[in-house]
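Peer 1:
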Amino acid sequence: MTTENGTSTVIRNVTCTYCGCVCDDIDLTVEDNKIVKAANACVLGKAWFLNHNEAHGRPAAHIRGEPATTEEAIERAARILGDARYPLVFGMSNTTNEAQRYAVEIAEICGACIDTTTSVCHGPTEIALQGVGKVAATLAEVKNRADLLIYWGSNPAESHPRHLSRYTYTARGLFTPNGKKDRYLVLVDVRRTPSARAADEFIQIRPGTDFEALWILRALARGERVPESACRPTGMPLERFEALFERMKSARYGAFFFGMGLSMTRGKVFNPAAVFLLAAEMNRHTKFVAMPMRGHGNVTGADELLTWSTGYPFAVNFSRGYPRFNPGEYSAVDVLARGEADAALIISSDPYGNFPSAARDHLAKIPVVILDVKGNDTCAIAEVDITTAPYGIAAPGTVYRMDEIPLRLRPVLESPYPSDEVVLQRLLARIKELKQGAAGGPRAEGE
Amino acid sequence: MTDTFLLIPGRTSQQGVSANEGKQTPGYEAEISCLQMNPADMARLGLTGGDRALVRTPYGQVVVTVQPTKKADDLPEGVVFLPYGRLSSQVGGAETQGTGMPDSKGFVVEIEKYDAPS
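Keeping their order, the protein sequence lines are chains A and B.
Per our numbering, the very first residue in the first sequence carries number 1; after that it's consecutive.
Per our numbering, the very first residue in the second sequence carries number 1001; after that it's consecutive.
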């Protein structure tokens, strides 16, 4: 719904794409093609909407640091990617599914590795999911039913500020009409984060012992005897685990939400696998589900799109003309740190700012093409840097919330810049032309 | 004096807000270079709030500004926290153990007071 008042326009129920919560109840006030107010948004959502107005005056593109037109940049990018023998396509969690599908086709025709920020976020969770499965739920189901919430290795107060209020702890649901009074919130973490202050119970375990703690709870869920000595590495006595397990068993509906405190730390794949198995085990006693706290606005959509188009959620390789999956071999950090990629297409991401030194160093040596809304560390080392319109603010499309629910975006600003979708579509078309021209037809086998 | 710690990089509200304002802004730089430490650890290394410290691993080294945690037990002794950013990434290794995920939380770093002029 849109209401106009003088020079102000209020656009209601806009979708925020900053984090995986993808809140779709933001009321934006727009004046002179500028967002001046973002009601209902959290501190991160406000920063997203108020700092992505389209009057920043950035050139449409840069080639080797010099301003260029979008068309010139696409031409140079097409030649870089068309000539590359083993390019990397990376990023995509901050753009729409409509843009992502063109990125997949570019990867396919270039014989590239395509990877998303999932590999440095919840990649281990995706691998665990393939191995042991997941008792899944939507956030609406949790909102309406869950009376026990266990956040593990996650700091929602700072990373997903509205998760607790919109979907879980204080939200009023069908069978939880009193919100917070009908629920119990447990936080398990190695440091006392701001989220600990919101929790009914905080359990501070020692760093690197998440797997042990989860496995102790799983043993209790299976009715097995747990010796006190097994608990010692975690820094928590057995009675604390037994008390938590009794609370879990007596809940009507329990939900685990886990963050990168599990996927990034010692044990990696084993930690999310332990949560999934524990949640499944708890269904012997009551209803339990588990969900990763996904970070970027459409990182879940990137997993979904790659899975339905290639069969795999991330770290996919097209060098043989068909998709192969192998994290550790085809994942972005590995492909770069081993010095394999000879060019890179980066879509709305900042690997030069966030990757380990060995990967960063190689990225700085190869030609990089980047699409980004306002410039980041990777733009500074890119050969081609194309400015695009921010998704959800000035570009339409589809994104997936962390519970795998797709939501349509409602852009509110006019942008002088094209969307990622438009740029990638044109880039794909030009690469196809170049490859067909070079080969006198489709790429020959063995080339 | 140099001592060994476990480094936990992670998100903070200010890191997220200032990244939106721009990764070249002073606010973002200040946030991603602010290392939180247990006050007892700081005292042992001769550090007070606002001092600079060198964080070193076999993969790189960075200079950060040190602040004590609000409460003594927010971080256990021997564990330090740094908001995600280019500094935390520069001291991380690229080995992913076949997962695609580099060691990004809970890895060993050496820390010492940094006295060189800014």
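A virtual CB, placed ideally from N, CA and C, is assigned to each residue, including glycine.
Computed from a predicted model, the values in this text were never measured in an experiment.
Between the beta-carbon of alanine 302/A and the beta-carbon of glutamine 100/A, is there less than 7 Å?
Peer 2: One-based indexing of the first sequence puts residue 302/A at position 302. One-based indexing of the first sequence puts residue 100/A at position 100. Their beta carbons are under 7 Å apart, which means alanine 302/A touches glutamine 100/A by this criterion.
Peer 1: Compute the Euclidean distance between the alpha carbons of valine 89/A and proline 1102/B, then round it to the nearest angstrom.
Peer 2: As a working mapping, residue 89/A is identified with position 89 in the first sequence. As a working mapping, residue 1102/B is identified with position 102 in the second sequence. Distance between the alpha carbons of valine 89/A and proline 1102/B: 18 Å.
Peer 1: Any beta carbon from chain A within less than 7 Å of glutamate 1110/B's own beta carbon?
Peer 2: Position 110 of the second sequence holds residue 1110/B. By this cut-off, glutamate 1110/B is not an interface position.
Peer 1: Report yes or no: do three or more beta-carbon pairs, one from the region 293 to 309 of chain A and one from the region 400 to 414 of chain A, lie closer than 8 Å?
Peer 2: Result yes; three or more Cβ-Cβ pairs closer than 8 Å.
Peer 1: Determine, for alanine 358/A, whether the minimum Cβ-Cβ distance to residues of chain B falls below 7 Å.
Peer 2: Position 358 of the first sequence, counting from 1, holds the residue named residue 358/A. Yes, contact with chain B.
Peer 1: Tell me which residues share the same chain as proline 367/A and place their Cβ nearer than 6 Å to its Cβ, disregarding the 5 neighbours each side in the sequence.
Peer 2: Counting from one through the first sequence, the residue named residue 367/A turns up at place 367. Cβ within range, chain order: Ile80, Ala343 and Glu383.
Peer 1: Do phenylalanine 257/A and serine 154/A have their C-beta atoms within less than 7 Å of each other?
Peer 2: Taking the first residue of the first sequence as position 1, residue 257/A is located at position 257. Taking the first residue of the first sequence as position 1, residue 154/A is located at position 154. Contact flag set, yes.
Peer 1: Can you find a C-beta in chain D that's less than 7 Å from the C-beta of leucine 1054/B?
Peer 2: No chain D is part of this structure, whose protein chains are labelled A and B.
Peer 1: Give the list of continuous alpha helix (DSSP H) stretches no shorter than 4 residues that lie fully inside the region 359 to 423 of chain A.
Peer 2: Taking only runs of at least 4 residues, the alpha helix (DSSP H) segments lying wholly in the region 359 to 423 of chain A are 377 to 381.
Peer 1: Starting from the N-terminal side, write out each stretch of the alpha helix (DSSP H) that is 4 residues or longer and does not extend beyond the region 48 to 133 of chain A.
Peer 2: The region 48 to 133 of chain A contains these whole alpha helix (DSSP H) runs: 70 to 83, 97 to 110 and 123 to 132.
Peer 1: Closer than 8 Å, Cβ to Cβ, to anything on chain B: give me those residues from the region 367 to 391 of chain A, in chain order.
Peer 2: Residues passing the 8 Å Cβ filter: Lys374, Gly375, Asn376 and Asp377.
Peer 1: To which residues does DSSP link proline 1068/B through a beta bridge?
Peer 2: Within the second sequence, numbered from 1, the residue matching residue 1068/B stands at position 68. Partner(s): Met1037/B.
Peer 1: What is the DSSP secondary structure of histidine 296/A, reduced to helix, strand or coil?
Peer 2: Numbered from its first residue, the first sequence carries residue 296/A at position 296. It is a strand residue.
Peer 1: Between the Cα of leucine 164/A and those of Ser195/A, Lys134/A and Leu244/A, spot the shortest distance and give me the residue it belongs to.
Peer 2: Along the first sequence, read from residue 1 onward, the residue named residue 164/A stands at position 164. The candidate whose alpha carbon is nearest that of leucine 164/A is Ser195/A.
Peer 1: Whole angstroms are fine: how far does the CA of alanine 38/A sit from the CA of glycine 57/A?
Peer 2: Taking the first sequence and counting its residues from 1, one reaches residue 57/A at position 57. Taking the first sequence and counting its residues from 1, one reaches residue 38/A at position 38. Going by the C-alpha atoms only, they are around 22 Å apart.
Peer 1: Less than 8 Å between C-beta atoms, sequence neighbours within five positions excluded: which residues of the same chain meet that for glutamate 414/A?
Peer 2: Position 414 of the first sequence, counted from the start, is the residue given in the question as residue 414/A. Correct list, in chain order: Asn33, Glu54 and Ala394.
Peer 1: Would you identify the three-state DSSP class for valine 1062/B, choosing helix, strand or coil?
Peer 2: By one-based count along the second sequence, residue 1062/B stands at place 62. The answer is strand: DSSP assigns valine 1062/B an E or B state.
Peer 1: From cysteine 23/A to phenylalanine 202/A, what distance separates their C-alpha atoms?
Peer 2: The residue labelled residue 23/A in the question sits at position 23 within the first sequence. The residue labelled residue 202/A in the question sits at position 202 within the first sequence. Looking at the two C-alpha atoms, the distance is approximately 27 Å.
Peer 1: At a Cβ threshold of 7 Å, is serine 1033/B touching chain A?
Peer 2: Here residue 1033/B is taken as the residue at index 33 of the second sequence, counted from 1. By this cut-off, serine 1033/B is not an interface position.
Peer 1: In terms of residues, what are the limits of the alpha helix (DSSP H) holding valine 1017/B?
Peer 2: The residue labelled residue 1017/B in the question sits at position 17 within the second sequence. Per DSSP, valine 1017/B belongs to the alpha helix (DSSP H) from 1013 to 1021.
Peer 1: Answer with buried or exposed for methionine 293/A, where buried requires no fewer than 16 other C-beta atoms within 10 angstroms of its C-beta.
Peer 2: Counted from its first residue, the first sequence places residue 293/A at position 293. Buried is the call here.
Peer 1: Below 8 Å on the Cβ atoms is my guess for glutamine 1036/B versus glutamine 1014/B; work out the distance and round it to an integer in Å.
Peer 2: Counting from 1 along the second sequence, the entry for residue 1036/B is found at position 36. Counting from 1 along the second sequence, the entry for residue 1014/B is found at position 14. The pair is not a contact, with the Cβ atoms about 12 Å apart (cut-off 8 Å).
Peer 1: With DSSP as the reference, label valine 1108/B as helix, strand or coil.
Peer 2: Indexing the second sequence from 1 puts residue 1108/B at position 108. DSSP places valine 1108/B in strand when its eight states are reduced to three.
Peer 1: Can you name the residues of chain A whose CB is closer than 7 Å to the CB of threonine 1096/B?
Peer 2: Position 96 of the second sequence holds residue 1096/B. Within 7 Å Cβ-Cβ: Gly328, Ser331, Val333 and Asp334.
Peer 1: Looking at C-alpha atoms only, which residue of Ala1040/B, Arg1086/B and Val1055/B is the closest neighbour of glutamate 1077/B?
Peer 2: Here the question's residue 1077/B lines up with position 77 in the second sequence. Ranking the options by Cα distance to glutamate 1077/B, first place goes to Ala1040/B.
Peer 1: Within a Cβ cutoff of 7 Å, which residues of the same chain sit near arginine 240/A, ignoring the five residues on either side of it in sequence?
Peer 2: Along the first sequence, read from residue 1 onward, the residue named residue 240/A stands at position 240. Taken in chain order, the residues that qualify are Ile203.
Peer 1: Compare the C-alpha of aspartate 1074/B against each of Ala274/A, Ala84/A and Arg206/A and name the closest.
Peer 2: Numbered from 1 along the second sequence, position 74 holds the residue referred to as residue 1074/B. Of Ala274/A, Ala84/A and Arg206/A, the residue nearest in Cα terms is Arg206/A.
Peer 1: What number of angstroms, rounded off, separates the C-alpha of tyrosine 167/A from the C-alpha of threonine 234/A?
Peer 2: Along the first sequence, one-based indexing puts residue 167/A at 167. Along the first sequence, one-based indexing puts residue 234/A at 234. For tyrosine 167/A and threonine 234/A, the distance between alpha carbons rounds to 30 Å.
Peer 1: Can you find a C-beta in chain B that's less than 7 Å from the C-beta of glycine 297/A?
Peer 2: For this step, residue 297/A is matched to residue 297 along the first sequence. Not closer than 7 Å to any Cβ of chain B, the Cβ of glycine 297/A fails to qualify, so no.
Peer 1: Locate the beta strand (DSSP E) running through phenylalanine 241/A, then write down its first and last residues.
Peer 2: Here residue 241/A refers to the residue found at position 241 of the first sequence. Premise fails: phenylalanine 241/A lies in the alpha helix (DSSP H), 238 to 250, not in any beta strand (DSSP E).
Peer 1: How many Å lie between glycine 446/A and glycine 339/A at the Cα?
Peer 2: Residue numbering aside, residue 446/A sits at position 446 when the first sequence is read from its first letter. Residue numbering aside, residue 339/A sits at position 339 when the first sequence is read from its first letter. Because glycine 446/A sits at a pLDDT of 45, beneath the cut-off of 50, its placement in the model cannot be relied upon, and the point is left open.
Peer 1: Taking a contact to mean a Cβ-Cβ separation below 7 Å, would you say threonine 1096/B touches aspartate 334/A in this structure?
Peer 2: In the second sequence, counting from the first residue as 1, residue 1096/B sits at position 96. In the first sequence, counting from the first residue as 1, residue 334/A sits at position 334. Yes, Cβ-Cβ distance for threonine 1096/B and aspartate 334/A is below 7 Å.
Peer 1: If you measure from the beta carbon of leucine 1075/B to each beta carbon in chain A, is any gap under 7 Å?
Peer 2: Mapped onto the second sequence, residue 1075/B falls at position 75. Taking Cβ atoms only, chain A reaches closer than 7 Å to leucine 1075/B, which makes this a yes.
Peer 1: Mind checking which residues open and close the beta strand (DSSP E) that includes isoleucine 35/A?
Peer 2: Your numbering for residue 35/A matches position 35 in the first sequence. Counting along the chain, the beta strand (DSSP E) containing isoleucine 35/A begins and ends at 34 to 39.
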